[in-house]
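Trainee: To start, I am sharing the structure in question, which I have written as structure tokens.
2 protein chains.
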Amino acid sequence: MTDRYQTLENQFKRLARIDHARTFLQWDHMVMMPPGGNPSRAEAIAELTALRHELLTAPELGELIEKAAGEAQDPLQQRSLTEMERMYRRAVCLPAELVKAKTLAGSICEHGWRSQRMANDWQGFLANFREVVRLAREEAEARRNAESGRFPTPYDALLDLYCTGDSSIFLAEVFARLKRELPGLVQEVVDRQKSAAVVDLHGHYPIVDQQQLNRELMLCLGFDFNRGRQDVSAHPFSTGGRGDQRITTRYREGEFMEALLATAHETGHAAYEDGLPEEWDGLPIGLARNMCLHESQSLLFEKQLFLSRPFLTSFSATIHGLLPSTARHDGTALWTAATRVQPSYIRVEADEVTYPLHVILRYEIESGLINGSLAAEYIPEIWDAKMTEYLGLSTKDNYRDGCLQDMHWSDGSFGYFPSYTIGALNSAQLSAALRKSQPDWQERLAAGKVDFVRNWLRQNIWSKASSMDSQEIIQAASGEGTSPEFFLNHIRARYLQGLY
Amino acid sequence: MTDRYQTLENQFKRLARIDHARTFLQWDHMVMMPPGGNPSRAEAIAELTALRHELLTAPELGELIEKAAGEAQDPLQQRSLTEMERMYRRAVCLPAELVKAKTLAGSICEHGWRSQRMANDWQGFLANFREVVRLAREEAEARRNAESGRFPTPYDALLDLYCTGDSSIFLAEVFARLKRELPGLVQEVVDRQKSAAVVDLHGHYPIVDQQQLNRELMLCLGFDFNRGRQDVSAHPFSTGGRGDQRITTRYREGEFMEALLATAHETGHAAYEDGLPEEWDGLPIGLARNMCLHESQSLLFEKQLFLSRPFLTSFSATIHGLLPSTARHDGTALWTAATRVQPSYIRVEADEVTYPLHVILRYEIESGLINGSLAAEYIPEIWDAKMTEYLGLSTKDNYRDGCLQDMHWSDGSFGYFPSYTIGALNSAQLSAALRKSQPDWQERLAAGKVDFVRNWLRQNIWSKASSMDSQEIIQAASGEGTSPEFFLNHIRARYLQGLY
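Each protein sequence line maps, in turn, to chains A and B. Residue 0 is where the first sequence starts when you use numbering that gives the first Met the number 0, and the numbers rise one by one after that. Residue 0 is where the second sequence starts when you use numbering that gives the first Met the number 0, and the numbers rise one by one after that.
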């Protein structure tokens, strides 16, 4: 290890400690803070963000990275330098003025969106949103210029922030395949499910009992409460740091399955973070690879473990114990109700079969917006046309349940949506590999045992952190790069053949 | 406002935002964090502390303060500069090596103390403690040198960190008066209480009901839950920032009065912080003046409001409502039980009459330790002698309930103890002035109304923040500087004359 490299490690660990502070202040903001704390919390987080930016974009740091990269390093340190450089370049390539303008426009647009969505006010939203799009295009150009030719389109420069390593060319291929298959598959599944009896799970489920139930699910999925907590927030999320993973869930008294699915999902995110190798703590190489892998872990816990027939059937005993009014529905009835497929307007409420179509629609629109082939005012029209084509549902004049439903675009987070679906494909592909290596997986899940899953993921995904590219990790774990076939097979197996 | 002064304000506000981060990360550490988060939290807080120290001790900041002090400023800005300079000088006067050695020795000694206290192991403690004392003496000398003659003794340099403005000469006078009066007064009170019937309040009080009860008490004392929270921790404390005061309490199922007293106490601390003027946010002039005033506010809420006969008698209806098994004791019986006086070994469990004697004993020992007239190995012997003299209780060979009972010294916090008793004197003195200005105070408290108290304190104490010296604030509010007579009168009035 050269002196220069060692100095870099110290600097990046310093940044990570500031990030730790931001992370937990933000958690507190979402989960604990009384409203009176808002202004000073916003100021403190902005101060830490500015401090971090100052340290990360110091010209000396750039020089140090460049010089260290010219020295002989072992391959892992070389990789570590690559990831340091990526973090440095991403921060240094945007003019301070642009960052400021983007933050301001995003915050105005997002704030307006909260009421405009409720009021179905597209024109009000559009007035703020045009500036958000303009600045996002500027950002995309600046990021693309900084990478001298690495990104085929401006949109790729934003996509890369979340789907690091997966290009829009790769996405276009994968999504084309899904678009060919999924609408027909959805129809088949819906037709098949028409004949099955489905119980209505609505009822009265006291929140304190649901909390206990969700805690039991987390324990069952291997969550260690000495190294994390679960709380309540308006929208479920997960965050945290070494040894301290924090997930949140929300509860509704009339419903219990939604919270369980969200808990399983966030437990997957937390498992990935907790499984990152300790020796790389504080270094960019030690971070989770990208959101396509992160989402693969959460979806694997949610859809491949919790929602699997053997696991949910077995876990139904716990549900019956803590929510006695569910006891009249056996495990099969609960599983049948939880795997119901139905085209619907709202992405976050969509089942796993229709979900990719919601994402593809958004990908097509946002890539057009950023690459300049689509102007913001045409979004509602295109949204309606695509929803009609993909899911048979028109959103004409219904912005609230159409293009105004998500928060992502309002604050300029373009390029995020694809990770949901690439994550779903990865999770199906990893699960297929895992099942192959553990032929008795159904018996294990039926016995509520998930250690074999965690061990496999730790070895194949978590321990890699950012030491390899996303597609290299998937390939090493499953034998090939991300392919839509595993997901399509999974959908057929679960929803047409009723296999698991 | 000169440009230089404006630059200084910006710099100090920056420090305050880092302090905000440290404050809430520490709160989270004490109240929310799972044990697995310990190492990375400790690193993050150390990083922020180092960052703050770097910014605060930058030579340019010192020059800026000096130059700005030479410019014409309005009196408040002049005062603001004085407080900035105090903060700067306190930080800059200690060599980095000393701070590091002190932190390390304190953390080793405190860690050992946790088990040594339980094991009654004085020799084990002493082995670590000698180094803590040696470094504290070094610190005191360094701080004293930095103030060129302002401190009459080395101990004053540490005392000033907590009792800013109140010297050891002033303390010696006040404590001499208390030592003359209190032992006899304690005896008189104990004799008088012998004849009164006292109910036993031990019972079974579910913690969830106690939480509701303490919440009711906080509401009654004017706490705004939109601007703060209450949680549970191993030791009650209060912390927070603008618009977000956080207090904690602990509960025992067999007892309910202790938690109520602690809640009232911490609510007083929170009220002071919440009442500091918003226009000075982030500036040293906007901070609470010192711990003698801070403790005066908490003790005023605890002993002068909650423990007053009219308030507690009236509040007993709420106690009866939430803890039905207390309903057999009327308000007078509850008040009689809560105002029981009894010499005892443990400071934190002491009543308000004997409490100052616990503090004086500690003050006499710690000032001797720091000024070099006492070596650490003689502490147990002196402790025993003084406990016997002041309270008639020997602690021979009983270190656990004697000199090992407090955490303060183990991490080198010498000079803190006096603020408890100066705070008690201040609270009695302020209450006397307040009662004079509101002759119907008993009726108001009996009606559960405390707004008049909060308004008076806001006007006379909270709004002053650090814009005046401690004794100037007390004088302006009550007509004279801190005097022990008001406290002695309060003890006689409550415990001998049964007046309130």
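Glycine included, each C-beta is placed from N, C-alpha and C at the ideal position.
Give the single residue among Val231(B), Glu109(B), Met86(B) whose Cα lies nearest to the Cα of Ser412(B).
Mentor: Among Val231(B), Glu109(B), Met86(B), the Cα nearest to that of Ser412(B) belongs to Glu109(B).
Trainee: Using only CA atoms, which one of Lys463(B), Gly253(B), Glu59(B) lies nearest to Gly285(B)?
Mentor: Residue Lys463(B) is the option with its Cα nearest to Gly285(B).
Trainee: Residues in its own chain within less than 7 Å of Gln209(B) by CB, not counting five upstream and five downstream?
Mentor: Cβ neighbours of Gln209(B) beyond the five flanking positions: Tyr250, Phe255, Ala258.
Trainee: Would you kindly check if the distance between the Cβ of Thr266(A) and the Cβ of Leu311(A) is under 8 Å?
Mentor: No, Cβ-Cβ distance for Leu311(A) and Thr266(A) is not below 8 Å.
Trainee: Any beta carbon from chain B within less than 8 Å of Glu294(A)'s own beta carbon?
Mentor: Closer than 8 Å: no.
Trainee: Helix or strand or just coil, what does DSSP make of Glu254(A)?
Mentor: If DSSP states are grouped into helix, strand and coil, Glu254(A) belongs with the strands.
Trainee: Mind pulling the alpha helix (DSSP H) runs of 4 or more residues that sit fully within the segment 336-391 of chain A?
Mentor: Runs of the alpha helix (DSSP H) inside the segment 336-391 of chain A: 354-370, 378-390.
Trainee: Would a C-beta distance cut-off of 8 Å place Gln404(A) and Arg346(A) closer than the cut-off?
Mentor: In contact: Gln404(A) and Arg346(A) (Cβ atoms closer than 8 Å).
Trainee: Distance cutoff 8 Å, beta carbons only. Does Arg327(A) sit that close to anything in chain B?
Mentor: By this cut-off, Arg327(A) is not an interface position.
Trainee: Does Pro182(B) get closer than 8 Å to chain A when you measure Cβ to Cβ?
Mentor: Judged by the 8 Å Cβ criterion, Pro182(B) is not in contact with chain A.
Trainee: Once you ignore the five residues that flank Asn459(B) on each side, which residues in its own chain have a CB closer than 6 Å to its CB?
Mentor: Excluding residues within five positions, the ones whose Cβ falls inside 6 Å are Ala476.
Trainee: Give the straight-line distance between the Cα atoms of Tyr499(A) and Thr56(A), rounded to the nearest whole angstrom.
Mentor: Going by the C-alpha atoms only, they are around 50 Å apart.
Trainee: For the putative contact between Asp400(A) and Ser393(A), defined by C-beta atoms under 8 Å, what is the C-beta separation to the nearest angstrom?
Mentor: Asp400(A) to Ser393(A), Cβ: 11 Å. No contact.
Trainee: Measuring straight from C-alpha to C-alpha, what distance separates Asn127(B) and Ala375(B)?
Mentor: Each residue's alpha carbon lies about 11 Å from the other.
Trainee: Looking only at its chain, what residues have a beta carbon closer than 6 Å to the beta carbon of Leu260(B), apart from the 5 residues adjacent to it on each side?
Mentor: Here the set comprises Glu301.
Trainee: I need the straight-line Cα distance from Ile206(A) to Gln296(A), nearest angstrom please.
Mentor: Spanning the two alpha carbons is a distance of roughly 27 Å.
Trainee: Whose C-beta lies closer than 8 Å to the C-beta of Leu282(B) among residues of the same chain, with five residues either side of it excluded?
Mentor: If we look at Leu282(B) and ignore the five residues flanking it on each side, its Cβ neighbours are Glu8, Phe11, Lys12, Ala15, Ser79, Glu82, Met83.
Trainee: Which class does Gly227(A) belong to by DSSP, given the choice of helix, strand or coil?
Mentor: Strand.
Trainee: Let me make sure I understand the geometry here. Which of Cys402(A), Asn37(A), Gly371(A), Leu429(A) has the alpha-carbon closest to that of Lys385(A)?
Mentor: Here the closest residue by C-alpha is Cys402(A).
Trainee: So, with DSSP's three-state summary, where would you put Ile490(B)?
Mentor: Here Ile490(B) sits in helix by DSSP.
Trainee: State the CB to CB distance for the pair Leu340(B) and Thr353(B), rounded to an integer number of angstroms; the pair is presumed to be in contact (CB under 8 Å).
Mentor: Leu is not the amino acid found at residue 340(B); the sequence shown has Val there. Yes, Val340(B) and Thr353(B) are in contact; Cβ-Cβ is about 7 Å, under 8 Å.
Trainee: Listed from N- to C-terminal order along the chain, which residues in the segment 183-211 of chain B have their beta-carbon within a distance smaller than 8 Å of any beta-carbon of chain A?
Mentor: Result list empty, no residue passes.
Trainee: Determine the direct distance from the alpha carbon of Glu348(B) to that of Asn213(B), and round the result to whole angstroms.
Mentor: Straight-line Cα distance between these residues: approximately 19 Å.
Trainee: Of all Cβ atoms in chain B, is any one closer than 8 Å to the Cβ of Met31(A)?
Mentor: So yes, Met31(A) belongs to the interface.
Trainee: Going by Cα to Cα distance, which pick from Tyr398(B), Gly391(B), Glu365(B) is closest to Trp408(B)?
Mentor: Ranking the options by Cα distance to Trp408(B), first place goes to Glu365(B).
Trainee: With a cut-off of 8 Å, do at least 3 Cβ pairs link the segment 238-250 of chain A to the segment 23-30 of chain A?
Mentor: Because the criterion of three Cβ pairs below 8 Å is met, the segment 238-250 of chain A and the segment 23-30 of chain A touch.
Trainee: Would you list the residues sitting across from Ile246(B) in a DSSP beta bridge?
Mentor: Gln229(B), Ser237(B), per the DSSP bridge assignment.
Trainee: Apply the 10 Å Cβ neighbour rule to Thr335(A) and answer buried if 16 or more other Cβ atoms are within range, or exposed otherwise.
Mentor: Answer is buried; the Cβ neighbour count reaches 16.
Trainee: Leaving out the 5 sequence neighbours to the left and right, which residues in its chain are closer than 7 Å to Gln76(B) when beta-carbon positions are compared?
Mentor: Result list for Gln76(B): Met0, Tyr4, in chain order.
Trainee: How should Met117(A) be labelled, buried or exposed, when 16 other C-beta atoms within 10 angstroms of its C-beta is the threshold for buried?
Mentor: It counts as exposed.
Trainee: List the endpoints of the continuous alpha helix (DSSP H) containing Gly422(B).
Mentor: First-last of the alpha helix (DSSP H) with Gly422(B): 417-436.
Trainee: Please confirm whether Ile421(A) and Ala139(A) have their CB atoms less than 8 Å apart.
Mentor: Their beta carbons are not under 8 Å apart, which means Ile421(A) does not touch Ala139(A) by this criterion.
Trainee: Here's the rule I'm using: 16 or more other beta-carbon atoms within 10 Å means buried, otherwise exposed. How should Ile17(A) be labelled?
Mentor: The residue in question, Ile17(A), is buried, as its Cβ has 16 or more Cβ neighbours within 10 Å.
Trainee: So for Asn397(A), helix, strand or coil by DSSP?
Mentor: Looking at Asn397(A) - three-state DSSP - the assignment turns out to be coil, as it is neither helix nor strand.
Trainee: In the structure shown, what three-state DSSP assignment does Met117(B) receive?
Mentor: Met117(B) falls in the helix class under three-state DSSP.
Trainee: Taking the alpha carbon of Phe305(B) as the point to measure from, which residue in Thr262(B), Gly371(B), Asp230(B) has its own alpha carbon closest?
Mentor: Among Thr262(B), Gly371(B), Asp230(B), the Cα nearest to that of Phe305(B) is on Thr262(B).
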